[in-house]
Structures are given as structure tokens and as C-alpha cells.
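Those letters in the sequence shown? Residues 480 to 615, per my numbering, in order. Notes for the one structure printed next.
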Amino acid sequence: MSARSKARKRALDVLYESEVRGLPVGGTLADRVADNDPPVNEFTVALVEGVSDHIDSIDDLLSTHSVGWSLDRMPAVDRNILRIGVYELLFDEQVPDVVAVSEAVSMARDLSTDESPAFVNGLLARLLQLKPTLGV
């Protein structure tokens, strides 16, 4: 697993923990950075802060384009994988679009249900297709 893939997984851990604990998105980031066990690298921090900074737009896009699934109905792991994927796809110009989608699908395959990789792939592919018209 590449260093960036590990950083994405760590970002997912932080986002998921915040949600489970009922804290704001990324609300556990400072604690995890201070603990440094396991270490939190700069890319992880950038992902968590990026998702946090754009959470309203990201969640609105996910709600609008996930046919038949509300955010509340999605498994928490999938919801946070998608948040990272949408952030990288639409707001982080340094990550190629294909990498953002591929990494999100890979995390869903490793960490969620059997149906999750197809769901994550389909939703992110739809947003990629709409990217030129989204105005974000």
C-alpha cells in the first residue's frame, strides 16, 4: 500500500471516529495529531481539513446525486469514503480524477460491504461526468 493510500485510510479513520463520537467533521484530528500513534502525516491532515472545509458542498452533492440513498441511510464508512473521494475529485487539483475514484473504490472494497465498491464507483463516476457543470 502506498504512503498516500495509507494517508487516505488514516483520514477515513479520523473522519469516521469524529462521526461516531458525534463531533464535527474532523473533530478528532487535533487529538490524533497530538497522539501521533499511529502517525498522522501532512496529506492526512490536508484531506481531513479539506473535507471539513467543504463538508456542506460535499454532502449536498452526495445527497443530490445518490439515487435512492440519503446520506443518513449510507453506511458511515461509505459516507466518509465518498466525502474523501468527492473532496479529491472536485477540490484537490493535485490528485488526478482517476486516482481519486480508484482510491475510494479500493477503500470501499477493503473496508465496507460487498455492494459498496460499485456504489462508490457509480456515484463518483457520475460526479466526475458532471464535474465541468458543477461550478465548484
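Cβ coordinates follow ideal geometry from the N, Cα and C atoms, glycine included.
Express the C-alpha separation of Asp510 and Leu603 in angstroms, rounding to a whole number. 30 Å
Leaving out five residues before and five after Glu528 in sequence, what residues of the same chain have Cβ atoms less than 8 Å from its Cβ? Gly505 and Leu508
Compare the Cα-Cα distances from Asp589 to each of Ser545, Ile560 and Leu526 and report the closest residue. Ile560
Roughly how many angstroms lie between the CA atoms of Glu496 and Arg562, to the nearest whole one? 14 Å
Would the segment 571-589 and the segment 535-544 be scored as touching if the rule is three or more Cβ pairs under 8 Å? no
Short of 6 Å in beta carbon distance, which residues of its chain neighbour Ala486, apart from the five on each side in sequence? Order them along the chain. Asn520, Phe522 and Thr523
Answer with buried or exposed for Leu609, where buried requires no fewer than 16 other C-beta atoms within 10 angstroms of its C-beta. exposed
If you draw a straight line from the C-alpha of Ala587 to the C-alpha of Gly564, how long is it? 11 Å
Buried/exposed call for Val493, threshold 16 Cβ in 10 Å: buried
Can you tell me the Cα-Cα spacing of Asp516 and Arg489, whole angstroms? 11 Å
Supposed contact pair Ser591 and Asp557 - C-beta distance, whole angstroms, cut 8 Å: With a Cβ gap of about 5 Å, Asp557 and Ser591 count as contacting.
Given a cut-off of 8 Å on the beta-carbon distance, is the pair Arg583 and Glu498 in contact? In the sequence as displayed, the identity of residue 583 is Ala instead of Arg. It is not a contact, given that the beta carbons lie outside the stated cut-off.
Quick one: what does DSSP say Val527 is sitting in, helix, strand or coil? It is helical.
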